DNA sequence: TTGTACGCGTTATCAT
DNA sequence: ATGATAACGCGTACAA
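Residue numbers (the numbering used here), protein chains in the order written: chain A, 1 to 333; chain B, 1 to 333.
The following block contains the structure:
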């Protein structure tokens with residue numbers, strides 16, 4: 001590897017002081033136009049790029065942020081990560097990607113490592129730590145966007161960004177009811193999930209509004225993937241053969257449920273309607289295409305990163321943003 | 001944000017010099033056991049973590065690496081990224097994730113930004129730049145793993161990691177032939193893709209080995225996603241109604257092709273056999289499940305990162321690794 | 001318009 | 001066994 005040129009190198013080549021070059025690099029005033037052009041020439045010629053490490057040491061701005069996700073392989077987070085990276089690119093920021101794999105210890109280590117890297121900000125998805133620990137960790141970073149997690153007491157350097165799960169689930173139930181469906185089941189996600197909790201409330205609200213009885217036999221929990229949805233739907237249809245609608249925690253569960261229905265000879269959507277959540281790419285790949293609560297995940301990632309950038313720059317931001325999911329009616333309900 | 005403690009802070013608290021603390025932090029000899037314990041106590045008490053930025057400035061090791069992918073949303077690269085991150089975590093390294101979105105300009109900017117961040121190494125997937133430009137860029141980094149790209153002249157600080165596309169495609173064709181299929185088509189990916197080129201060769205070799213004629217009417221190119229596969233398969237079946245097997249560039253194309261067959265009333269696998277490439281999660285979600293050339297993508301990511309780590313540490317590595325894809329026979333062929 | 005001195009937090013080197 | 005000092009590459013504050 002060729003040694004990278006430093007400010008001093010190109011200052012020497014130009015026969016000027018180090019500061020003059022620095023001014024040119026940072027577009028600051030106080031350099032004659034000819035000198036500026038000459039230096040600019042040398043800069044490109046010698047392939048100089050400022051060393052962000054050294055720059056960060058003195059400015060305590062590293063132009064890099066951390067992104068913590070449970071699993072970047074999950075399409076949900078993959079889309080968000082993509083949005084974050086795109087927006088970071090707009091601002092010439094770099095993104096450290098870290099997976100927690102749902103492991104609280106690894107989550108803590110991820111935070112440590114990002115802190116050691118002196119990131120300017122942090123986008124933290126689905127934080128699993130306790131409320132106290134959350135407070136401690138948030139205090140360590142200059143700016144944080146919390147995705148999929150709420151905050152009891154607002155903090156000036158923290159923004160929360162949540163999907164309006166409650167409303168989404170309620171809309172789905174109302175849609176089912178409008179189709180004349182009566183026995184509406186809910187295949188929920190992990191019980192530790194905040195979203196799962198909020199969606200269950202929305203599901204209940206939807207039923208109540210329609211004067212339909214709540215019946216815990218219609219509710220089930222499962223791992224948020226296709227296998228989970230498949231097994232849970234199988235069990236559900238066994239204990240409640242009269243189910244005519246299934247609201248799923250997410251699209252993966254919905255697809256699993258759809259396949260379970262088909263395996264049992266139930267037609268979707270004729271016999272059983274199915275609605276998913278998130279609208280991942282799979283939703284339109286699968287046949288019949290999934291009716292689902294669409295959330296623009298890449299856009300959420302972008303919003304998160306832009307807000308983070310604003311906070312870093314000292315621009316005031318809303319303390320919390322709530323994203324409205326929108327029902328995309330396709331073929332499954 | 002609370003000010004992070006520095007070496008000086010805890011040195012002052014311990015009433016010793018800064019260097020003594022540094023020695024303790026770095027597990028170096030030359031500190032009495034009592035002092036070491038006392039300092040260690042203060043370190044945890046005050047929550048000290050070394051500032052990697054400052055450390056990197058003097059050691060010129062940042063313990064961070066760059067990962068360049070076309071699109072982290074693509075399950076193929078998502079899996080690889082996950083493997084890279086997992087292995088990086090094992091070594092306490094951090095990963096900068098950058099998307100190129102197949103844009104050569106953005107790819108160059110990605111390289112610049114990673115270079116400015118002074119990464120210890122780089123994992124570069126599907127490099128699109130010219131051979132000369134490739135050489136220039138490789139020279140800028142201490143260590144590089146090139147995924148999905150070959151190198152004419154080996155470099156001591158660069159390792160290439162490729163899937164044996166040729167062999168995979170040939171195995172697939174042989175499998176088709178073994179099933180008595182005669183009109184075997186190939187829906188290839190983008191013409192600029194190196195993999196696409198190698199797979200085409202393998203496809204040809206497979207046909208030739210089976211004494212089947214090459215027929216360019218059986219070959220098509222398409223964008224490497226489901227829509228691309230769908231459209232291309234539709235066109236293919238229109239111009240060649242007698243096709244009884246389709247080898248697809250990847251699983252997404254295969255799924256698209258499968259749906260096109262179904263839309264045209266062709267049964268898969270009875271009328272038409274389909275084989276994909278990569279074995280992404282979708283392959284087992286879709287029905288019928290996809291027969292495909294399995295590649296352990298997460299494992300590839302891990303191998304890449306571990307090799308990179310070895311190179312950074314000065315351990316010698318193979319100049320090139322070739323991964324054998326394995327045919328996973330499921331329901332589509 | 002241009003340059004000098006200093007400090008960011010850490011490690012390496014050389015003293016003590 | 002411990003400490004003082006110089007460097008790493010850069011920006012800020014001040015001087016010329």
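Ideal Cβ placement from N, Cα and C applies to all residues, glycine included.
Source: prediction; values computed, not measured.
6 Å Cβ shell around residue i - same chain, five flanking residues per side excluded
i, result
"residue 236 of chain B", "185, 220"
"residue 126 of chain A", "70, 148"
"residue 305 of chain B", "84, 87, 88"
"residue 79 of chain A", "297, 298"
"residue 334 of chain B", "Chain B is shown from 1 up to 333; residue 334 of chain B falls before or after that span and cannot be answered."
"residue 331 of chain B", "288, 289"
Neighbour flag for residue i against chain A, beta carbons, 8 Å
i, result
"residue 314 of chain B", "no"
"residue 268 of chain B", "no"
"residue 260 of chain B", "no"
"residue 115 of chain B", "yes"
"residue 94 of chain B", "yes"
"residue 282 of chain B", "yes"
"residue 49 of chain B", "yes"
"residue 255 of chain B", "yes"
"residue 112 of chain B", "yes"
Rounded Cβ spacing between residue i and residue j (contact assumed at less than 8 Å)
i, j, result
"residue 233 of chain B", "residue 206 of chain B", "Incorrect: roughly 20 Å between the Cβ atoms, too far for contact."
"residue 164 of chain A", "residue 325 of chain A", "6 Å"
"residue 47 of chain A", "residue 104 of chain A", "Not really, about 45 Å apart at Cβ, beyond 8 Å."
"residue 258 of chain B", "residue 243 of chain B", "13 Å between Cβ atoms; not a contact."
"residue 35 of chain A", "residue 16 of chain A", "7 Å"
"residue 285 of chain B", "residue 53 of chain A", "Between residue 53 of chain A and residue 285 of chain B the Cβ distance is about 44 Å, and since that is not below 8 Å, they are no contact."
"residue 272 of chain A", "residue 254 of chain A", "Incorrect: roughly 11 Å between the Cβ atoms, too far for contact."
"residue 159 of chain A", "residue 320 of chain A", "7 Å"
"residue 210 of chain B", "residue 177 of chain B", "4 Å"
"residue 57 of chain A", "residue 42 of chain B", "The Cβ separation is near 24 Å, so there is no contact."
"residue 131 of chain A", "residue 152 of chain A", "7 Å"
"residue 183 of chain A", "residue 261 of chain A", "Not quite, the Cβ-Cβ distance comes to about 14 Å (not below 8 Å), so this is no contact."
Chain B contact for residue i (CB, 8 Å cutoff)
i, result
"residue 98 of chain A", "yes"
"residue 163 of chain A", "no"
"residue 26 of chain A", "no"
"residue 56 of chain A", "yes"
"residue 214 of chain A", "no"
"residue 78 of chain A", "yes"
"residue 81 of chain A", "yes"
"residue 302 of chain A", "no"
"residue 334 of chain A", "Nothing about residue 334 of chain A can be reported from this structure: the residues present for chain A run from 1 to 333 only."
"residue 35 of chain A", "no"
"residue 224 of chain A", "no"
"residue 52 of chain A", "yes"
"residue 251 of chain A", "no"
"residue 310 of chain A", "no"
"residue 195 of chain A", "no"
"residue 238 of chain A", "no"
"residue 62 of chain A", "yes"
"residue 9 of chain A", "no"
Chain-order list of residues whose beta-carbon lies under 7 Å from that of residue i (same chain, five-residue window excluded)
i, result
"residue 203 of chain A", "169, 173, 186, 247"
"residue 7 of chain A", "18, 21, 22"
"residue 155 of chain B", "138"
"residue 295 of chain B", "163, 278, 279, 323, 325"
"residue 227 of chain B", "256"
"residue 307 of chain A", "145, 159, 317"
"residue 81 of chain B", "67, 69, 72, 97, 301"
"residue 196 of chain A", "188, 189, 190, 249"
"residue 142 of chain B", "120, 121, 157, 312"
"residue 231 of chain A", "222"
"residue 50 of chain B", "25"
"residue 94 of chain B", "63, 64, 88"
Closer than 7 Å: residue i CB and nearest the ligand COA heavy atom
i, result
"residue 137 of chain A", "Absence of the ligand COA is noted for the structure shown, with no ligands found whatsoever."
Report task. Could you tell me which uninterrupted beta strand (DSSP E) segments, each at least 3 residues in length, are contained entirely in the segment 183-233 of chain B, listed from first to last along the chain? Result -> As summarised for the segment 183-233 of chain B, the continuous beta strand (DSSP E) elements at least 3 residues long and confined to that stretch are 184-188, 219-221, given in chain order.
**Report entry** 3-residue-minimum beta strand (DSSP E) runs that sit fully inside the segment 76-151 of chain A, ordered along the chain
**Finding:** The segment 76-151 of chain A is shown to contain whole beta strand (DSSP E) runs of 3 or more residues at 94-99, 121-125, 144-147, in chain order.
Query raised in the report: Hey, is the segment 117-132 of chain B in contact with the segment 96-111 of chain A, meaning 3+ C-beta pairs nearer than 8 Å?
Result: A contact is defined here as three or more CB-CB pairs under 8 Å, and the segment 117-132 of chain B fails this definition with respect to the segment 96-111 of chain A.
**Report entry** Whole alpha helix (DSSP H) elements within the segment 30-73 of chain B, 4-residue minimum
**Finding:** Here the runs fully enclosed are 33-46, 52-59.
**Report entry** Sequence ranges, beta strand (DSSP E) only - wholly within the segment 266-299 of chain B, length at least 3
**Finding:** Whole beta strand (DSSP E) segments, 3+ residues: 273-278, 291-294.
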